[in-house]
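Undergrad: First the structure, which I've put down as structure tokens, then a few questions once you've had a look.
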Amino acid sequence: RGRTFAMIKPDAYNHIGKIVDRILEAGFRISNIRMVRFSTENARQFYAEHAGKPFYDGLVGFMSSDVVVGMELVAVDAVPKWRSLMGPTNSNTARNDAPTSIRATFGTDGQRNATHGSDSPASANREINFFFSIPSNT
Ligand code: ATP
Ligand code: MG
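Numbering of the sequence shown is given in UniProt numbering, commencing with residue 91 and proceeding in unit increments.
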């Protein structure tokens, strides 16, 4: 068994319950969960690998626009299993190529795509450590 980091993005706030249901129905165990609102700096750090790309500033603004729900998911081959359940990055592509996927069902376009998933076990470790260490605002 391995773990990955999943996140429900601000555009999918109204679908949090349905997305959590999909995750559990797929056989993942949710070993940690937290809701937080990213600061601009949190979003910049979380997506640091994309710094300098044309979509980076828009992505940072989007990810800090409202709360997100982050989860540590455990399953056999958790990283590819969760990415497969999400579907392709762009929700319009997902509706063509993986019509029952989470991004096809709950996302909008290439930026507002409902969920995030780690791209490797090393990224999962980094993202889980980062996310669950963000200081709370209260
Ligand atoms: P994520 O890392 O969020 O799970 P991903 O690994 O499928 O998504 P990345 O290439 O890492 O895709 O892109 C990170 C996020 O940046 C995407 O999920 C999307 O929100 C946004 N993004 C990626 N490419 C574009 C683009 N061409 N235009 C606008 N936004 C984009
Ligand atoms: Mg990625």
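Glycine included, C-beta positions come from ideal geometry on N, C-alpha and C.
On the DSSP bridge assignment, give the partners of A96 in chain order.
TA: DSSP lists M161 and G207 as partners of A96.
Undergrad: Apart from the five residues on each side of it in sequence, which residues of its chain come closer than 8 Å, Cβ to Cβ, to R112?
TA: Contacts found: L175 and I192.
Undergrad: When the Cα atoms are used, what is the spatial distance from F136 to R91?
TA: Roughly 25 Å between the two C-alpha positions.
Undergrad: Using a Cβ-Cβ distance under 8 Å, would V164 count as near chain D?
TA: The displayed structure is made up of one protein chain only, and chain D is not part of it.
Undergrad: CA-CA distance, I106 and V157?
TA: Cα to Cα, I106 sits roughly 11 Å from V157.
Undergrad: How many angstroms separate the CA atom of A133 from the CA atom of A141?
TA: When rounded, the distance between both Cα atoms is 11 Å.
Undergrad: Under the criterion of a Cβ to heavy atom distance below 7 Å, does D209 qualify as lining ligand 2?
TA: True, at least one ligand heavy atom lies under 7 Å from that Cβ.
Undergrad: If distances are taken between C-alpha atoms only, which option among D199, D147 and M161 comes closest to T179?
TA: Nearest C-alpha to T179: D199.
Undergrad: Just list the residues that DSSP pairs I123 with in beta bridges.
TA: Answer is M161.
Undergrad: Between the alpha carbons of A184 and E217, how many angstroms are there, rounded?
TA: Straight-line Cα distance between these residues: approximately 24 Å.
Undergrad: Figure out for me which residue from S223, M125 and D209 has the closest Cα to the Cα of R173.
TA: Checked all of S223, M125 and D209; the closest Cα to R173 is D209.
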